[in-house]
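A short write-up of the structure that comes next.
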Amino acid sequence: MKKYVLSLALVGASLLGASELKYQEFDGFKSPESIFVDKNSVYVSNVGEKLEPLAKDNDGFISKLDKNGKVLEHKFISNLNAPKGMMEVANTLYMVDIDVVRGFDLKSKKEVFNLPIKGAIFLNAIEKLNDDTLLVSDTGTGLVLKVDLKAKKYDELLKLDIAKFGGPNGLYLDRKNDKLFIAGYHPDGASGGVVMSYDLKDKKLSVIKNEKEAYDGIVPYENALLVSSWGENLNGVIYRLEDDKALKLDLPSIKGPADIFIEGDTLWIPKMVEGKILKVKLKN
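Here the sequence shown is numbered in my numbering, starting from 29 and rising by one per residue.
So this is what it looks like as structure tokens:
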């Protein structure tokens, strides 16, 4: 583990008003894609030894850490293929694994839910609509699906035009305003996507950030959104989107900032290409 200090800076501007932030770096992971934090623990999904997010090679796993970043169990759940987004519901940790939604009891670690998604290519993120329903993105097909946990069925919520918006990657649901925020990522890895919102009531899709990039994770913070992007030449960034402005965290090199997680004033960032994760304090 390493400790550092960083700054918050405006994109394309000076460091005027920048405030120092502290972060810690933890290594030893295998292509970490997503982080999920509950009351007591931190879970990290590891795609595997090689960064092959679509490989059914059975070398993916979930690591369990404490809130200080100490690894409690490196392979807490193993024998997965390429696990990505996670969500906990009623003591079950759900995750997407290429083309399957899986759930594991957090006490016994036994698999208690397995739902193959027909035609899925690149299941990526999970968001909770309610205790019975998950929203799942498929970056490869452009679909966001509603998964009924009790009936073990799913249906389509929306389908994005991948060429125009990118495929849906990260998801954040604003339950108060019935809006689903989506980070777009083109499955070709180069063409880019946009950041958008989808109104669950009137079914309207609105673009928030139209500069095309390889956006990945998206979380709320204060009155803003934090969005990760793989950037150009693996020079990853974390944007803060607020009032039509794009701010970014002045972080050290982040190669592959994937599915981020926010807990209070703490931002967890997987550095997928580097096999590391960052724990960033947004306020001192």
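A virtual CB, placed ideally from N, CA and C, is assigned to each residue, including glycine. Keep in mind that this is a model prediction, so the values were computed, not measured.
1. Look at the Cβ atom of P298, then the Cβ atom of P144, and state whether they are nearer than 7 Å.
2. Quick one: what's got a C-beta closer than 7 Å to D293's C-beta in the same chain, skipping five residues either side?
3. What alpha helix (DSSP H) runs, 4 residues minimum, are completely inside the region 158-241?
4. Relative to the C-alpha of A313, which candidate in A83, G131 and L262 has its C-alpha closest?
5. On the CB-based measure, 16 or more other CB atoms within 10 Å of its CB, does K307 come out buried or exposed?
6. What residue from F57, G56 and N263 has the CA that sits closest to P280's CA?
7. Could you give the distance in angstroms between the alpha-carbon of H102 and the alpha-carbon of D87?
8. Express the C-alpha separation of D230 and E77 in angstroms, rounding to a whole number.
9. Since S73 sits in a beta bridge, which residues does DSSP pair it with?
10. Here's the rule: buried if 16 or more other CB atoms are within 10 angstroms of the residue's CB, otherwise exposed. What is I272?
11. From the DSSP output, in three-state form, read off V255 for me.
12. Can you have a look at V70 and say buried or exposed, based on whether 16 or more other CB atoms are within 10 angstroms of its CB?
13. Would D125 and L108 be called neighbours here (beta carbons separated by less than 7 Å)?
14. Tell me which residues share the same chain as M300 and place their Cβ nearer than 7 Å to its Cβ, disregarding the 5 neighbours each side in the sequence.
15. Rounding to the nearest angstrom, what Cα-Cα distance links I282 and V265 in this structure?
16. Which residues bound the beta strand (DSSP E) around K309?
17. If you reduce the DSSP assignment to three classes, tell me which class F57 lands in.
18. Under a three-way DSSP split, which group does N107 fall into?
19. Run through the region 132-157 for me and flag every whole beta strand (DSSP E) of 3 or more residues, listed as ranges in chain order.
20. From the DSSP secondary-structure annotation, give me the bridge partner or partners of V99.
Let's see:
1. Taking 7 Å as the Cβ cut-off, P298 and P144 do not qualify as a contacting pair.
2. Answer for D293: K309, L310 and K311, listed in chain order.
3. For the alpha helix (DSSP H) assignment, the uninterrupted runs of no fewer than 4 residues enclosed by the region 158-241 are, from N- to C-terminal side, 190-193.
4. Outside the shown range of the chain (29 to 312) lies residue 313, about which nothing can therefore be said.
5. The residue in question, K307, is buried, as its Cβ has 16 or more Cβ neighbours within 10 Å.
6. P280 has its Cα closest to that of N263, out of F57, G56 and N263.
7. If you draw a straight line from the Cα of H102 to the Cα of D87, it is about 13 Å long.
8. Their Cα atoms are separated by approximately 43 Å.
9. Per the DSSP secondary-structure output, S73 pairs in a beta bridge with S62 and I90.
10. The identity of residue 272 in the sequence shown is Asp, whereas the question assumes Ile. Classification for D272: exposed.
11. V255: strand per DSSP, three-state reduction.
12. V70 is classed as buried because its beta carbon has at least 16 other beta carbons within 10 Å across all chains shown.
13. Contact flag set, yes.
14. Contacts found: S59, P60, E61, L79, G284 and A286.
15. Their Cα atoms are separated by approximately 7 Å.
16. In the DSSP annotation of this structure, the continuous segment of the beta strand (DSSP E) that includes K309 starts and ends at K304 to K309.
17. F57: coil per DSSP, three-state reduction.
18. In the three-state scheme derived from DSSP, where H, G and I count as helix and E and B as strand, N107 is classed as strand.
19. As far as the region 132-157 is concerned, its whole beta strand (DSSP E) runs of at least 3 residues are 139-144.
20. V99 is bridged to L93.
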